[in-house]
Amino acid sequence: MLPFQVVPAIGDDRLSAYDYELPSDRIAQNPVSPRDHSRLLVLHSPTDIAHHCFRDLPSLLKPGDLLVLNNTRVIPARLYGYKTGTDSRGTPVEILLLEQQGNAPAETIQPQWLALVKPGKRLKPGAELEFPDPHHPESVALRAKVLAIDEPTGGRILQFYPSADRSFWDCLEHLGQIPLPPYIRESQAAAEQYQTVYSSQAGAVAAPTAGLHFTPELLKRLAEVGIEQTTLTLHVGVGTFRPVETERITEHQMHSEWVELKAETVEKIQATQAQGGRIIAVGTTVVRSLEGVMAQTGALQPFQGKVNLFITPGFTWQVVSGLITNFHLPKSSLLMLVSALVGRQRLLTLYNEAIVQGYRFYSFGDAMLILPEARPARD
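Here the sequence shown stands for residues 73 to 451, numbered as in the numbering used here.
Here it is in structure tokens:
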């Protein structure tokens with residue numbers, strides 16, 4: 073018996089159409105080791121699927137295909153400190169950095185960040201915060217001031233003031249913790265296991281999780297059989313995990329995320345397309361980057377800035393041919409994006425199958441490969 077029923081009568085534009093029930097024991101709390109031993113559900117036609125291991129990927133793609141990877145690196149975005157009180161230390165506070173303010177992440181002496189804060193009610197504009205050195209608790213390594221409330225997220229705009237002998241990024245590396253998603257509560261994973269092996273550009277507050285399955289050895293084997301690789305950068309922020317709250321999903325407003333698409337990546341994509349190769353996006357962040365730049369500029373071209381493309385069923389695909397992706401949360405924008413590629417009803421039926429077959433879900437879970445041949449003929 074299937075875990076839940078897919079209801080075709082609900083329209084694709086309704087939030088309730090993207091709901092499903094997931095047993096709690098299917099939420100992966102730890103990654104598999106080695107990384108490429110995770111399971112892989114492969115869609116190789118509009119009707120057929122197969123069950124593989126992720127390390128089988130070189131035999132599932134074709135020579136001449138191009139994998140596009142997101143090389144963002146997760147920062148230690150969770151900070152613990154105190155609200156300055158009438159005495160030296162006041163209320164304990166927890167800060168989750170979401171996004172550096174400004175046109176692009178940069179080395180700024182006193183940067184401003186959008187952050188989620190606890191307890192929010194106590195942190196009004198003007199409140200001052202201190203973050204002690206964990207090795208020398210009597211010493212304050214970083215200070216911050218609440219500048220404003222961000223209404224869309226309920227977060228705060230914070231201005232940070234690092235100590236005189238350190239940069240903000242040095243302070244963050246020293247004080248911060250890598251933030252795992254809230255549904256991961258019992259993990260023994262090391263911080264580096266929540267980074268892709270090719271991460272290089274610091275700035276994300278969550279990992280591009282489809283890429284967590286790759287090992288250096290697998291990337292080498294892919295290259296040896298003629299499957300090319302290139303990178304771009306999307307710093308995963310609030311736009312990725314902010315919930316869709318409107319029942320009519322077209323009313324949802326995506327938050328912008330920072331993207332860098334370099335000339336060499338554009339050239340590699342265009343050369344692959346010219347030679348009849350397929351563009352395989354590794355993760356929904358790569359999809360949003362490529363299709364977002366195309367939608368925003370009218371052409372695939374070098375780009376540095378923010379995109380906020382919300383992809384839902386009915387979307388016209390212009391760059392991406394296939395997709396490697398993890399299994400996503402109910403009612404999430406990521407679930408809607410993948411539905412736009414294969415169809416909502418089919419995707420939820422596949423999620424049913426994955427639950428029955430014991431696949432592991434979410435960030436540390438298993439993956440799905442959607443080959444170009446699996447997309448509906450109308451697409």
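From the three backbone atoms N, C-alpha and C, an ideal C-beta is built for every residue, glycine too.
Every unbroken alpha helix (DSSP H) inside the region 289-320 [4 residues or more]: Runs of the alpha helix (DSSP H) inside the region 289-320: 310-313.
Distance CB(Gly348)-CB(Asn398) smaller than 9 Å: Taking the first residue of the sequence shown as 1, we reach residue 348 at position 276. Taking the first residue of the sequence shown as 1, we reach residue 398 at position 326. For Gly348 and Asn398, no; Cβs fall outside 9 Å.
Simplified DSSP state of Thr397, which is helix, strand or coil: Translated into the one-based positions of the sequence shown, residue 397 becomes position 325. Strand at Thr397.
Stretch pair the region 127-143 + the region 356-364: three plus CB contacts closer than 8 Å: With a cut-off of 8 Å on Cβ pairs, the region 127-143 is in contact with the region 356-364, counting three or more such pairs.
Closest Cα partner of Gln171 within the set Leu186, Gln182, Phe387: Along the sequence shown, one-based indexing puts residue 171 at 99. In the sequence as displayed, the identity of residue 171 is Glu instead of Gln. Measuring from the Cα of Glu171, the nearest candidate turns out to be Leu186.
Proximity below 9 Å, CB of Leu113 to CB of Met408: Reading the sequence shown from its first residue, position 41 is the one you call residue 113. Reading the sequence shown from its first residue, position 336 is the one you call residue 408. No; because the gap between Cβ atoms is not below 9 Å, this pair is not in contact.
Assigned secondary structure, Lys403 (DSSP; H/G/I helix, E/B strand, else coil): By 1-based counting over the sequence shown, the position of residue 403 is 331. Reduced to three states, the DSSP call for Lys403 is coil.
Helix, strand or coil at Pro164 [DSSP, three-state]: Stepping through the sequence shown from its first residue, residue 164 is reached at position 92. The three-state reading of DSSP puts Pro164 in strand, counting E and B together.
Nearest residue (CA-CA) to Ala459, options Leu422, Thr388, Asn424: The structure shown does not extend to residue 459, since the chain is modelled only from 73 through 451, so no value can be given for it.
With 16 other Cβ atoms within 10 Å as the buried cut-off, status of Glu202: Indexing the sequence shown from 1 puts residue 202 at position 130. Buried, since its Cβ has 16 or more Cβ neighbours within 10 Å.
Classification of Glu223 by the beta-carbon crowding that lies within 10 angstroms, buried from 16 upward: Along the sequence shown, read from residue 1 onward, the residue named residue 223 stands at position 151. That one is exposed.
Closest by C-alpha distance to Leu381, when choosing among Gln325, Pro206, Arg320: Looking up residue 381 in the sequence shown gives position 309. Leu381 has its Cα closest to that of Gln325, out of Gln325, Pro206, Arg320.
Residue burial classification, Val428 (beta-carbon count within 10 angstroms, cutoff 16): On the sequence shown, position 356 is the one that residue 428 refers to. So Val428 counts as exposed.
Ser328 to Lys378 span [Cα, whole Å]: Translated into positions along the sequence shown, residue 328 becomes position 256. Translated into positions along the sequence shown, residue 378 becomes position 306. In this model, Ser328 and Lys378 are separated by some 6 Å (Cα to Cα).
Identity of the residue in Val410, Tyr434, Arg432 nearest Leu115 by Cα: Translated into the one-based positions of the sequence shown, residue 115 becomes position 43. The shortest Cα separation from Leu115 among Val410, Tyr434, Arg432 belongs to Val410.
Pair within 9 Å by beta-carbon distance, Gly367 and Gln390: As a first step, residue 367 must be located in the sequence shown, where it is residue number 295. As a first step, residue 390 must be located in the sequence shown, where it is residue number 318. The sequence given here has Ala at residue 367, not Gly. Going by C-beta atoms, Ala367 is nearer than 9 Å to Gln390.
Buried versus exposed call for Ala335 [16 or more other C-beta atoms within 10 Å across all chains shown]: Here residue 335 corresponds to residue number 263 of the sequence shown, with the count starting at 1. That one is exposed.
Option nearest Phe375 by Cα separation, candidates Arg418, Leu304, Thr225, Leu230: Working through the sequence shown from its first residue, we reach residue 375 at position 303. Its Cα nearest to that of Phe375, the residue Leu304 stands out among Arg418, Leu304, Thr225, Leu230.
Residue closest to Pro206, alpha-carbon to alpha-carbon, out of Ala426, Ser88, Tyr152, Leu372: Here the question's residue 206 lines up with position 134 in the sequence shown. The option with the nearest alpha carbon to Pro206 is Tyr152.
Neighbourhood of Asp85 by C-beta, 7 Å cutoff - its chain only, sequence neighbours within 5 removed: Along the sequence shown, one-based indexing puts residue 85 at 13. Taken in chain order, the residues that qualify are Arg320, Ile321, Thr322.
Reference Glu200, options Lys193, Ser131, Leu219, Tyr270, closest by Cα: The count along the sequence shown starts at 1 and reaches residue 200 at position 128. Selected option, being the one with the closest Cα: Leu219.
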